[in-house]
Amino acid sequence: RTLFSLHKSQEVEQTYIMIKPDGVQRGLVGEIISRFEKKGFLLKGLKLFQCSKDLAQEHYKDLKDKPFFPKLTDYITSGPVVCMAWEGDGAVASARKLIGATNPLQAEPGTIRGDLAVQTGRNVVHGSDSPDNGKREIALWFKEGELCQWESVQTPWLTDTD
Ligand code: UDP
Ligand code: MG
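Per full-length UniProt numbering, the very first residue in the sequence shown carries number 115; after that it's consecutive.
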């Protein structure tokens, strides 16, 4: 919780962002993290992690009946991913905008997928699609104690407290 969330006595929204194995292999980790950092969200958790098929299936369970589900879970388990929890008011929807459309050919220039990818099946990054899924996915990918509670010196310069 940030200084200003305490002040508002409300939970601050968190989103689960994951750099997929192609993003890691293509050397895009710094570039992608940088976009969220520069936007002004607060990094609460970060790790490089190779996940099991079970975890990939649980993460994408809403898509389990889609024809691409087996390929998708193969893709997500094909190498290490970078798991991140980012916090801020409106972080879920804003991160989805920064990421861009699922199909990178339809993603706007300036978005991560629009700038850095060409195929839906290799679209370099994941972002939660709702605050509830943000919570669910952060709980799924991070263990107790892996998230840091801290205050950024930037917060007062990013926040209008009125
Ligand atoms: N995906 C795919 N083929 C499709 C649709 C989706 O391979 O036709 C993959 C793609 O990697 C996408 C992920 O499945 O990012 C999850 O799909 P979703 O519709 O949730 O897209 P997202 O929320 O990632 O934009
Ligand atoms: Mg999705």
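Beta carbons: idealized from backbone N, C-alpha and C, even for Gly. Keep in mind that this is a model prediction, so the values were computed, not measured.
Cα-Cα separation, residue i to residue j
i, j, result
"Lys-161", "Met-198", "7 Å"
"Leu-261", "Asp-179", "32 Å"
"Glu-151", "Gly-235", "26 Å"
"residue 81", "Ala-207", "Beyond the ends of the chain as shown, which are 115 and 276, falls residue 81; an answer cannot be given."
"Phe-173", "Val-239", "Strictly speaking, residue 173 in this sequence is His, with Phe absent from that position. Rounded to whole angstroms, His-173 to Val-239 spans 14 Å at the Cα level."
"Asp-246", "Arg-140", "31 Å"
"Glu-127", "Glu-222", "25 Å"
"Asp-203", "Thr-273", "10 Å"
"Pro-184", "Glu-201", "31 Å"
"Thr-275", "Lys-167", "44 Å"
"Arg-250", "Trp-271", "30 Å"
beta-carbon residue i near the ligand MG non-hydrogen atom, thresh 7 Å
i, result
"Asp-243", "yes"
Cut-off 7 Å between Cβ atoms - residues of its own chain near residue i, not counting five sequence neighbours on either side
i, result
"Cys-165", "Ile-190, Thr-191, Val-195"
"Asp-188", "none"
"Leu-120", "With a pLDDT of only 47 at Leu-120, under 50, the local geometry of the prediction cannot be trusted, and no value is derived from it."
"Val-143", "Ile-133, Gly-137, Val-196"
"Ala-170", "Thr-187, Ile-190, Thr-191"
Residues bridged to residue i [DSSP beta-bridge criterion]
i, result
"Lys-161", "Cys-197"
"Gly-241", "Ile-131"
"Gln-220", "Looking at the DSSP assignment, Gln-220 forms no beta bridge with any residue, so it has no partner."
"Arg-236", "Gln-233"
"Leu-142", "Answer by DSSP bridge pairing: none, since Leu-142 is not bridged."
"Leu-156", "Glu-201"
Residue i: CB within 7 Å of a non-hydrogen atom of the ligand UDP
i, result
"His-240", "yes"
"Phe-256", "no"
"Gly-248", "no"
"Thr-234", "yes"
"Gly-177", "The amino acid at residue 177 is misidentified as Gly; the sequence shows Leu. At least one heavy atom of the ligand UDP is nearer than 7 Å to the Cβ of Leu-177, so yes."
Closer than 7 Å: residue i CB and nearest the ligand FAD heavy atom
i, result
"Leu-186", "Absent from the structure shown: the ligand FAD. Ligands present: the ligand UDP and the ligand MG."
Same chain only: Cβ atoms within 8 Å of residue i, ignoring 5 sequence neighbours per side
i, result
"Thr-225", "Lys-211, Leu-212, Ile-213, Gly-214, Ala-215"
"Gly-159", "Cys-197, Met-198, Ala-199, Ile-252, Phe-256, Glu-260, Leu-261, Cys-262"
Sequence-distant residues of the same chain with beta carbon closer than 6 Å to residue i, five excluded per side
i, result
"Leu-248", "Checking the displayed sequence, the identity of residue 248 turns out to be Gly instead of Leu. Same-chain partners within the cutoff: Gln-128, Thr-129, Tyr-130, Val-206, Ser-242."
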